[in-house]
Structure formats: C-alpha cells, structure tokens
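Residue numbers (the UniProt record's numbering): 1 to 369.
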Ligand SMILES: Nc1ncnc2c1ncn2[C@@H]1O[C@H](COP(=O)(O)OP(=O)(O)O)[C@@H](O)[C@H]1O
Ligand SMILES: [Mg+2]
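Right under this line is the structure:
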C-alpha cells in the first residue's frame, strides 16, 4: 500500500479537491483506494456526502469514549474507493497528543498494524503544519504538495518542503515529495509566470500533470460527489485521471492484472485443448472370465503395470475387461497381463514377432479409430 499525504499549510490550494478526485480517479482505473480525512474541518468527508459520529478521531485518541479501529470507521464510497471520515472533534487531538512521547507517530502506528488490500492510502491534511500534518507525513512515504498557480504559493511550498526535510532527518524517515500545480488558469499571463517560477524552483519534483481551473470541481464538491461522478468529460475529470495515470506509470491496476490472468488462463486452456486433440480415445477389451486382475501394457506406457494401465471388469462377475486410453496417432505394440501371464489380444489379427521370441499385438491409431 502506497501511503501518500496531501499537504500544504496554505488553505484553499486544492488539497481536498486533489485528495477526493485523485482517489476517485485511481479507483476508476481499478486500484483500491482508502482516503483518510485528517482535517477537523472534514471537507473531504462532507464533499463525499459523509457525516459520522465515530471517526478517525476515535481511532487516534486515547481519551475517546468510542475507541475504534481503522477498519471499523471505514465508509465505502464506491467499488474501489473507501473513506475514513473526520469531524470537528479531531481538532482536540493535537492538544491530547501534546503530552505523549511518540506523538508524531500515532497514525504511523495505526497504519503499520492495519491489515488491508488497498493499493493506495491518501491522507488529506489540515491547512497548517501542526501535529496532525506531522503525523500524516510521518506515516507516508510520499507527499503531494498542491500549489495554486498564484503569486504567494512558491514561498509556502518552500516552507512545507523544509518541514518534510526536518521530519526526514529528525525522525530518520524516508519520504519523497512532489509539487502539483492546481487552479491553473490558461487565460492569465500571470499563471504562466508562476508556473515558470515553480518549474525553476522545484524542477524534478513537479508533476507533469497540471490541474486547471474548472468550475465543475467546485460543483461536484457541493453535490457530495467526486468530479468523475458529476461530469465525467469535464476538464477537472480529465486532469485528475491524468494525474492518476502519472502516479501509476510503472504499476498495473487490479483490473488489468485480472485481465492478464484471464488471458494467461485462456491461452493455457487453448494449449491443453490442442494437446488433447492430438489424442484419440481407444477402447481395449478382453474376454477373461477367470482373471483376478488384468493390465494393458505396450509402447505407450513403457510396458509397465501401473494403476493407469489396470483394466476394469465390466459389471459384477462379468467376463469382459476393458480400458479406454487416450493415444496419440501412430502405431503401437501391446499385450495384456492376465494374472501375471502376458498374452496377445485374441480379438486382434494384427500381430508381429518381438525380440523376446514372442508375439505382440499391433494397433494403428488414426482418426478412423
Ligand atoms: N481546479 C480547481 N478549479 C476550480 N475550483 C477549485 C479547483 N480546485 C479547488 N477548487 C475549489 O477551491 C476551494 C478550495 O479547494 P480545496 O481543495 O478545498 O482546498 P484545501 O483543501 O487546500 O483547503 C474549493 O471550493 C474547491 O472547490
Ligand atoms: Mg481541505
């Protein structure tokens, strides 16, 4: 599970919009996604139409009356997309945690012991650099920093990257970060200027995808839906699907894995069927009323008495023994072993001498058998 925080201390730069729509985008590509709302303002929860009493607060707090596990608070949003909701009580957690020794690692501990089959876990952070955001970064291996294409965003991004570096060094925790340009308005020259500055400063740590200004993203949020459920073809949907693809360049979604698995199975079945078609079922029969056991041996089974070569008495006390063997086209020598006596097939006139001075029965397996 890739754990990714979406963080920036600046409010209104597109954290929640990115958290919700990137999660929904990845889910639509077949990845299984959990979104943890770690903002007491609960915008992600509300933006998905979810309002709950028991939330991530009850998972992280030691003082809550309703202690819960992460699995217990999860709300399904759609097929591959689940939410761990938040509410305003979460704002008291920072105070509660301030006396604890491993106060930066609470969420990390919860996620480390969380058994799940999610491909991605996103954490939507509050708009500050307090203990909640630090917990999120400590729990993550990646951070996405949404930056609005506006004049003051560069300084803000520098500040959060400093905090990430601090967490990296102080807590000895490996975490990478990447900037995502949001609310890009291509009608404004100014947007391009800001984009250039961001490109110069963050060079390699910048997503190729740019999220444009799109009113559908706002509309979707107020109707409690991810944008792809609100308007699949709008610019906002396209941008977040593009971001989802960029994030998964080198991995395969489950659906595709399933498709590959299916394809392999189909090829295998075809191969087996082709192999099977090379064989023709041939019936061998012998009249032996007094026999206790009868085997069919020949070129096709190295003349060995095995379980597969044991013939079956037809009906109780019946004198007829028979066996059906799938044989590839071609000629074979064979014999019956009746209670340890090797005999040729009395019903088959085709015979040939063998090197032991005896006689073998002959059979030619062809499409006419
Ligand atoms: N690309 C965008 N185009 C238009 N409006 C956007 C876009 N991204 C975010 N918004 C709107 O801007 C506001 C702030 O975005 P939000 O994602 O809540 O920011 P944050 O979580 O960083 O505070 C919301 O009303 C949201 O609908
Ligand atoms: Mg938010």
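Don't be surprised by glycine CBs; every beta carbon is placed ideally from N, CA and C. Quantities reported herein were computed from a predicted structural model and do not represent experimental measurements.
Since residue i is in the beta strand (DSSP E), which residue starts that stretch and which ends it?
i           : result
residue 93  : Segment 93–97 is the alpha helix (DSSP H) holding residue 93; no beta strand (DSSP E) there.
residue 364 : 359–365
residue 322 : 320–328
residue 351 : 351–353
residue 57  : Looking at the DSSP string, residue 57 is not in any beta strand (DSSP E); the run it does join, the alpha helix (DSSP H), is 56–60.
residue 370 : With the chain covering 1 to 369 only, the question about residue 370 has no answer from this structure.
residue 341 : 341–343
residue 74  : Element bounds for residue 74: n/a, residue is neither H nor E.
residue 209 : 206–212
residue 113 : Residue 113 -> no beta strand (DSSP E), and no H or E assigned at all.
residue 37  : 33–37
residue 284 : 279–287
residue 121 : 120–124
residue 82  : 81–84
residue 88  : From DSSP, residue 88 is part of no beta strand (DSSP E); its letter is neither H nor E.
residue 5   : 2–6
residue 298 : 294–298
For the alpha helix (DSSP H) containing residue i, list its first residue and its last residue.
i           : result
residue 220 : 215–222
residue 240 : 235–247
residue 102 : Segment: none, residue 102 is in no alpha helix (DSSP H) and carries neither H nor E.
residue 413 : Outside the displayed span of the chain (1 to 369) sits residue 413, for which this structure offers no information.
residue 50  : Taken as a continuous stretch (DSSP letters only), residue 50 belongs to no alpha helix (DSSP H), as it is neither H nor E.
residue 21  : 15–28
Would a C-beta distance cut-off of 7 Å place residue i and residue j closer than the cut-off?
i           : j           : result
residue 282 : residue 365 : yes
residue 48  : residue 90  : no
residue 125 : residue 7   : yes
residue 136 : residue 123 : yes
residue 206 : residue 179 : yes
residue 18  : residue 146 : yes
residue 216 : residue 234 : yes
residue 185 : residue 154 : no
residue 227 : residue 78  : no
residue 120 : residue 70  : no
residue 335 : residue 297 : yes
residue 203 : residue 181 : no
residue 129 : residue 163 : yes
residue 96  : residue 132 : no
residue 33  : residue 81  : yes
residue 107 : residue 139 : yes
residue 345 : residue 361 : yes
residue 76  : residue 37  : no
residue 25  : residue 240 : yes
residue 271 : residue 328 : no
residue 110 : residue 59  : yes
residue 332 : residue 299 : yes
residue 160 : residue 41  : no
residue 141 : residue 280 : no
residue 118 : residue 276 : no
residue 337 : residue 284 : no
residue 127 : residue 236 : no
residue 57  : residue 35  : no
- Query: Under a criterion of Cβ closer than 5 Å to any non-hydrogen atom of ligand 2, which residues qualify, in chain order?
  - Reply: 15, 16, 43
- Message: If we require 4 or more residues per run, which alpha helix (DSSP H) segments fall completely within the region 133–188?
- Response: Correct list: 153–170.
- With contact counted as at least three CB pairs below 8 Å, one residue from each stretch, are the region 315–324 and the region 279–296 in contact? yes
- Mind the definition here: the region 296–312 touches the region 263–274 only if three or more C-beta pairs lie below 8 Å; say whether that holds. no
- Just checking, does the region 240–248 make contact with the region 16–34 on the three C-beta pairs under 8 Å criterion? Judged by Cβ distances under 8 Å, the region 240–248 makes contact with the region 16–34, as three or more pairs qualify.
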